[in-house]
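Residue numbers (the working numbering), protein chains in the order written: chain A, 1 to 249; chain B, 1001 to 1080.
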Amino acid sequence: MEVRVAFSGPKSLSGKEFTYCPGCHHGIIHRLVAEVIDELGIQEKTIMVAPVGCSVFAYEFFDVDGTVAPHGRALAVATGMKRALPDRVVFTYQGDGDLAAIGTAETVHAANRGEKLTTIFVNNAVYGMTGGQMAPTTLLGQKTTTTPYGRRAENDGYPIHMSEILSTMRGVAYLERVTVSTPQDIRNAKKAIKKAFLAQIKNIGFGLVEVLSTCPTNWGMTPVEAQQWLLENMTKEFPPKLFIDRVGD
Amino acid sequence: MAKVEGYIEIDAERCKGCGLCINACPVNVIEFSEDFNSKGYHPARYKGEGCIACGFCYLSCPDVCITVFRGARKKSPVNV
Ligand SMILES: Cc1ncc(C[n+]2csc(CCOP(=O)(O)OP(=O)(O)O)c2C)c(N)n1
Ligand code: SF4
Ligand code: SF4
Ligand code: SF4
Chain A
1 MEVRVAFSGP
11 KSLSGKEFTY
21 CPGCHHGIIH
31 RLVAEVIDEL
41 GIQEKTIMVA
51 PVGCSVFAYE
61 FFDVDGTVAP
71 HGRALAVATG
81 MKRALPDRVV
91 FTYQGDGDLA
101 AIGTAETVHA
111 ANRGEKLTTI
121 FVNNAVYGMT
131 GGQMAPTTLL
141 GQKTTTTPYG
151 RRAENDGYPI
161 HMSEILSTMR
171 GVAYLERVTV
181 STPQDIRNAK
191 KAIKKAFLAQ
201 IKNIGFGLVE
211 VLSTCPTNWG
221 MTPVEAQQWL
231 LENMTKEFPP
241 KLFIDRVGD
Chain B
1001 MAKVEGYIEI
1011 DAERCKGCGL
1021 CINACPVNVI
1031 EFSEDFNSKG
1041 YHPARYKGEG
1051 CIACGFCYLS
1061 CPDVCITVFR
1071 GARKKSPVNV
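Take a look at the structure:
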């Protein structure tokens, strides 16, 4: 039998080594986005907007045009780009601190306006880059550096459900919450990311995929434990779900 | 159906020793090396036989270190 390559890295990645901690799901999600860009043949016309957060240098890791926005402002920057250059494919890549705390207004209004943009929302339930503080998505009872006894609703409020909020908006063309903690889930996540890009490419509306992601370093777990914790705890608060699909097959 | 035969190559310098590939492999043919790479991690290493080219390790690797080949590897004296 002839030997052939069955799986190898996508060409829309630059080849630079990721700066993420060992086992951090940011890397898996980057690879999936790059695979989708390859498969859709859009590398030459894609522009990415990186956030502030651990993925602040994400534009270095992709071999596409890109920039980085001030904290929370990725969708505002992307809106300007897309409106000036409507033939480009523009996507943002944002953590939960970026998208669901400081950038809540930008997120909600870009979705509500139905901007022809794609957003990859990496929800790891903490502020990773700054040392694991509580994020709006932190689970009740979850210990972080700013909730050392666990998040309490009386003091800290409740985990925010961005996908559920955005699912009420008519500008949204594709919206799904996924995980990347098993090989099967990784395959499904890639399909969702592809649809979220197609929502933009087919000019239907705003596309977003929320990816439940690990932060082994700040959760204080090994990468394998973190995946297990995510599947057992995060998916209870944030169930994986297809909210909106106006893209079709 | 004939069993699929494959093998993998791991970029040991790129690897961060996270173990997600080892955890994902359904036939348990990846292990940690005792050696260190220049980053100071024990990189993952193919045990040398038994891979069924399922791609689970490739899918699970956050650092894009793994290439999966389908087909029998040509005999080589060193285990890479
Ligand atoms: C205007 C502004 N406010 C606060 C910060 C500090 N800061 C940097 S990253 C970050 C949160 C990052 O968390 P998240 O978006 O969840 O991404 P992660 O690092 O977990 O991937 C904060 C608050 C900043 N850089 N700029
Ligand atoms: S701090 Fe957390 S989110 Fe940031 S790179 Fe490390 S593991 Fe990933
Ligand atoms: S391709 Fe599948 S069988 Fe082969 S090493 Fe990777 S996970 Fe194991
Ligand atoms: S998943 Fe990748 S980085 Fe992690 S141990 Fe395996 S080869 Fe190394």
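Beta carbons are placed, not taken as given, at the ideal position from N, Cα and C, and that holds for glycine.
Interface annotation, K1003 (chain B): not in contact with chain A, CB-CB separation never under 8 Å. Per the coordinates, the alpha-carbon of I1022 (chain B) lies some 44 Å from the alpha-carbon of R113 (chain A). By the neighbour-count definition (other C-beta atoms within 10 Å, threshold 16), P70 (chain A) is an exposed residue.
The C-beta of G9 (chain A) comes closer than 8 Å to at least one C-beta of chain B.
Near chain A, meaning a CB-to-CB distance below 8 Å, the residues of the stretch 1023-1051 of chain B are N1023, A1024 and Y1041.
Partner residues in the beta bridge of A50 (chain A), as assigned by DSSP, are A:V68. When A:E237, A:F7, A:E232 and A:T46 are compared, the shortest CA-CA separation from L85 (chain A) is found for A:T46.
Taking 7 Å as the cut-off, one finds at least one heavy atom of ligand 3 near enough to the beta carbon of A1053 (chain B). Ranked by Cα distance from S14 (chain A), the first of A:I165, A:G80, A:D63 and A:A58 is A:D63.
Not a single heavy atom of ligand 4 lies less than 7 Å from the C-beta of K1047 (chain B). Relative to ligand 2, the beta carbon of G1017 (chain B) is positioned no closer than 7 Å to any heavy atom. A contact between stretches requires three or more CB pairs, one per stretch, nearer than 8 Å, and the stretch 139-151 of chain A fails this requirement with the stretch 181-190 of chain A.
Where Q200 (chain A) is concerned, the enclosing alpha helix (DSSP H) starts and stops at P183 to I201. Residue nearest to M162 (chain A) within the set A:Y149, A:L242, A:V108 and A:F206 is A:V108 (criterion: CA-CA distance). At a cut-off of 4 residues, the continuous stretches assigned as alpha helix (DSSP H) that sit fully inside the stretch 86-174 of chain A are 104-113, 153-156 and 162-166.
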